[in-house]
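Reviewing the structure listed below.
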Amino acid sequence: MKYPISPDLVAEKNDQLTPDLQKDYDALGEQLERRGLDIKALIRQAEDFDIAVPSWGTGTGGTRFARFPGEGEPRNIFEKVEDCAVINQMSGCASEISPHFPWDKVDDFSELKAHSSQYGLGWSSVNSNTFQDQPDQECSYKYGSLSHADAAVREQAIAHNLQVIEWGKQLGSKVITVWVGDGSNHPGQQHFQRAFERYLASAKAIYQGLPEDWEMHIEHKMFEPAFYSTVIQDWGSNILAAMETGERCKSLVDLGHHAPNVNIEMIVSRLIQFKKLGGFHFNDSKYGDDDLDSGSLHPYQQFLIFNELVDAEYRKQPGFAPAYMLDQSHNVTDPIESLINSATEVQRSFIKALLVDRKALERYQSDNDAIMASNTLKAAFNTDVSPILAMARKNKGAAIDSLATYRASGYRQQAAKARPDTGGNRSGIV
6 MKYPISPDLV
16 AEKNDQLTPD
26 LQKDYDALGE
36 QLERRGLDIK
46 ALIRQAEDFD
56 IAVPSWGTGT
66 GGTRFARFPG
76 EGEPRNIFEK
86 VEDCAVINQM
96 SGCASEISPH
106 FPWDKVDDFS
116 ELKAHSSQYG
126 LGWSSVNSNT
136 FQDQPDQECS
146 YKYGSLSHAD
156 AAVREQAIAH
166 NLQVIEWGKQ
176 LGSKVITVWV
186 GDGSNHPGQQ
196 HFQRAFERYL
206 ASAKAIYQGL
216 PEDWEMHIEH
226 KMFEPAFYST
236 VIQDWGSNIL
246 AAMETGERCK
256 SLVDLGHHAP
266 NVNIEMIVSR
276 LIQFKKLGGF
286 HFNDSKYGDD
296 DLDSGSLHPY
306 QQFLIFNELV
316 DAEYRKQPGF
326 APAYMLDQSH
336 NVTDPIESLI
346 NSATEVQRSF
356 IKALLVDRKA
366 LERYQSDNDA
376 IMASNTLKAA
386 FNTDVSPILA
396 MARKNKGAAI
406 DSLATYRASG
416 YRQQAAKARP
426 DTGGNRSGIV
């Protein structure tokens, strides 16, 4: 195994912190035992938890106004892999990468796969891009892609998605995520029904090219880049498209892609019920699709989402196997630090949801005891599970204090020397 940060440094830092961690762990274990919970079982589940890192998230993001690049940004997918390896080494729960094409296209995918394998990293869902024009493409996506009025544009977009599947097969992926920016900016610009019909026909063409052991995930978004209407604008259009396209076509939930104050946890429940929950893009938002660090603003909402996910596991609901991924834009922070933090915060929500007394909750729900049902969830959410997360990291050889160890390593400073800014680095999303 190849490590971007010295394991000796990680071990040294962990040795310094282990005595205090053991005290906190023992105290939490006694508390949980009184509640009928086994901390060792929770440790095992924390160790098994994993969330994919987006390749594009390793670069500094930006807005339509400006982008302020950071030091040592990855200039290509091989350097992105190295940064993802740091995130996994520090957090212990991010062992897969989700690539975006054509941004991450290489001439030799076997070389890329071998490079990632050195770091113990695999490949999650592959993502297509028909929301931007590329230098070598014949048709423009200015007015849409899979739903475009021009059949030639639609065929180009379909062909790109099929090519992405082929690249994904070489990396060992099993999922393609399809998001389009198709829509309109003016009333009357687009016939809503015809545009949706064209999208469905294109989605079916992509689905027909799907390997038998793959899934296709459709991602919806309320607005942007189209601001009057979006073809796949909410979970309703999403699940309709998924149901129309095929059994292995499912809906993907990005936490920032909804209208303000939407009950996302109930949407998750509905998708689980009809076997159409494909996975998640975790992030946080204040105003719209802000792509902020996961759990930075709405940790209770994130916990409530995981409450539905853990409930589905508890009930052994058929067809339940969602994929978890981060999808964030880091405009003012070190992307590695934000992704380490976010992976840990999503893992925290998962472990807290495991603490919910489900039999008591079901009893309170049956009795219409609203306050006690709510308090049952709050009891789990208000429990500090940090010792569980830290002990899981220690057991896996990751860092007890992830950020402090990362900063002590000097990795970012070393990357700045090895990756001089050429003025053309564009690894984040603008």
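All residue numbers for the sequence shown refer to this note's numbering, where the first residue is 6 and numbers rise by one.
Every residue, glycine too, gets a C-beta built ideally from N, C-alpha and C.
- Under the three-state reduction of DSSP, G173 is assigned to helix.
- In this model, Q123 and P9 are separated by some 11 Å (Cα to Cα).
- In this structure, the CA atom of C254 is about 14 Å from the CA atom of I170.
- Q352 counts as buried, since no fewer than 16 other beta carbons sit within 10 angstroms of its beta carbon.
- Here N190 is exposed, its C-beta having fewer than 16 other C-beta atoms within 10 Å.
- Bounds of any beta strand (DSSP E) do not take in F311; it lies within the alpha helix (DSSP H) bounded by 304 to 319.
- Taken through DSSP and simplified to helix, strand or coil, W128 comes out as strand.
- With a beta-carbon spacing of about 33 Å, E116 and A397 fall beyond the 8 Å limit used to define contacts.
- Under the DSSP assignment, L331 falls in the beta strand (DSSP E) whose first and last residues are 328 to 331.
- Rounded to the nearest angstrom, the gap between the Cα atoms of P340 and I82 is 15 Å.
- The criterion of a C-beta distance shorter than 9 Å is satisfied by I181 and S130.
- Scanning its chain for C-beta atoms nearer than 7 Å, with the 5 sequence neighbours on each side dropped, one finds around M227 the residues T235, Q238, D239, H262, H263, A264, in chain order.
- As computed with DSSP, V258 is found in a beta bridge with F285.
- Counting only residues of its own chain and dropping the five nearest sequence neighbours on each side, N243 has a CB closer than 7 Å to the CB of I223, H225, I237, S256.
- Residue pairing by DSSP puts G188 in a beta bridge opposite T235.
- When DSSP reads this structure, S96 sits in no beta bridge, so it has no partner.
- Per DSSP, reduced to three states, the secondary structure at M221 is strand.
- Contact between S299 and F287 holds, with the beta-carbon distance rounding to 4 Å and staying under 8 Å.
- Nearest in C-alpha terms to Y319, of all of D29, K364, L302, T135, is K364.
- Note that the C-beta distance between A99 and L359 is not below 9 Å.
- Contact check between the segment 372 to 392 and the segment 57 to 69: fewer than three CB pairs, one atom from each, fall below 8 Å, which does not count as touching.
- Boundaries of the alpha helix (DSSP H) harbouring I345: 340 to 359, taken from the DSSP string.
- Sixteen is the threshold: since fewer than 16 other Cβ atoms of the shown chains lie within 10 Å of the Cβ of S145, the residue is exposed.
- Here the segment 197 to 216 makes no contact with the segment 277 to 297; the two share fewer than three CB pairs at distances below 8 Å.
- If the five residues before and after F308 are omitted, its C-beta is found closer than 7 Å to the C-beta atoms of S354, K357, A358, F386, all from its own chain and listed in chain order.
- Around the beta-carbon of N400, fewer than 16 other beta-carbon atoms lie within 10 Å, marking it exposed.
- With respect to the 9 Å criterion, E76 and D295 are not classified as neighbours on the basis of their beta carbons.
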